[in-house]
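Report on one structure; see the data block that follows.
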Ligand SMILES: C[S@@+](CC[C@H](N)C(=O)[O-])C[C@H]1O[C@@H](n2cnc3c(N)ncnc32)[C@H](O)[C@@H]1O
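Numbering (this note's numbering), first residue to last: 52 to 271.
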């Protein structure tokens, strides 16, 4: 998604300086490979293998400000969301744009988290767009937001012998080997919940888990 956005920006701004801040070395390596494949020769890249908070803490942004910052599906990992949003806005030039993408709020997520409290953290317990927009409203920061319909094909999650399906289930539940990590009754209830019309829709023979997301845009 970040590269798609940069490609779009290139059509208006042919020269771009892009700073990538990412703590996981493997993720930086994948991003670098994607950059090489797409041949973005008119972009100057600088890479910072650290968290955003660490990067901000280096003081490098006292003298350097950005025109555009993307935070795409990353807000879930920020411990102090409010402080981080302040840092991101502080790192923009006046008129600059902070572009965030995050899962949309779904009322049924709260029910899921209450019902399956024993499961601990999972995608349904993460921050969502409402967490951000409520915070921005409280801070009197103006924003625009767009909700985009999206879904994930989870059909394979119901087949215990399908390796990819089980990995997807592990990802959703944020638990390695989810099917064996909890009592069979609980796993069955979770899967039944996913199949219900509250969470998914059936299209032909596929089960599509609703996974809408929101883009939230703040102009400084
Ligand atoms: C779900 S991925 C999204 C990556 C990319 N933006 C995309 O859309 O494909 C979230 C990324 O945020 C990174 N991350 C986690 N905590 C972070 C932090 N505090 N600062 C910067 N990046 C962080 C993770 O290592 C991971 O690569």
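Ideal Cβ positions, reconstructed from N, Cα and C, are used throughout, including at glycine.
*For residue 73 and residue 99, the rounded distance between their alpha carbons*: On the chain shown, position 48 is the one that residue 99 refers to. On the chain shown, position 22 is the one that residue 73 refers to. Spanning the two alpha carbons is a distance of roughly 6 Å.
*If you draw a straight line from the alpha carbon of residue 66 to that of residue 94, how long is it in whole angstroms?*
Numbered from its first residue, the chain shown carries residue 66 at position 15. Numbered from its first residue, the chain shown carries residue 94 at position 43. For residue 66 and residue 94, the distance between alpha carbons rounds to 6 Å.
*With DSSP run on the structure shown, which of helix, strand or coil describes residue 151?*
Indexing the chain shown from 1 puts residue 151 at position 100. Strand at residue 151.
*the stretch 149-156 in contact with the stretch 176-184 per 3-pair CB rule at 8 Å*: yes
_Residue burial classification, residue 96 (beta-carbon count within 10 angstroms, cutoff 16)_ = Position 45 of the chain shown holds residue 96. Label assigned to residue 96: exposed.
*Note down, in chain order, each residue of its chain lying with its Cβ closer than 7 Å to the Cβ of residue 131, except the 5 sequence neighbours on either side.*
Taking the chain shown and counting its residues from 1, one reaches residue 131 at position 80. Hits under 7 Å: none found.
*Just reading off the alpha helix (DSSP H) that residue 87 is part of, what are its end residues?*
Counting from 1 along the chain shown, the entry for residue 87 is found at position 36. Its alpha helix (DSSP H) spans residues 76-89.
*Any heavy atom of ligand 1 closer than 8 Å to the CB of residue 75?*
As a working note, residue 75 is residue 24 in the chain shown. True, at least one ligand heavy atom lies under 8 Å from that Cβ.
*Helix, strand or coil at residue 120 [DSSP, three-state]*: Position 69 of the chain shown holds residue 120. Three-state result, residue 120: strand.
*Check whether the stretch 258-267 touches the stretch 188-204, counting contact only when three or more Cβ pairs, one atom from each stretch, lie closer than 8 Å.*
yes
*Quick one: measure Cβ to Cβ for residue 224 and residue 173, integer angstroms, because I've assumed they're closer than 8 Å.*
Looking up residue 224 in the chain shown gives position 173. Looking up residue 173 in the chain shown gives position 122. Confirmed, Cβ separation roughly 5 Å.
*Would residue 229 be called buried (16 or more neighbouring beta carbons within 10 Å of its own) or exposed?*
As a position in the chain shown, residue 229 is number 178, starting the count at 1. Buried.
*Rounded to a whole number of angstroms, what is the C-alpha to C-alpha distance between residue 271 and residue 198?*
Within the chain shown, numbered from 1, the residue matching residue 271 stands at position 220. Within the chain shown, numbered from 1, the residue matching residue 198 stands at position 147. Looking at the two C-alpha atoms, the distance is approximately 21 Å.
*Between the Cα of residue 245 and those of 258, 196 and 54, spot the shortest distance and give me the residue it belongs to.*
The count along the chain shown starts at 1 and reaches residue 245 at position 194. It is 258 whose Cα lies nearest to the Cα of residue 245.
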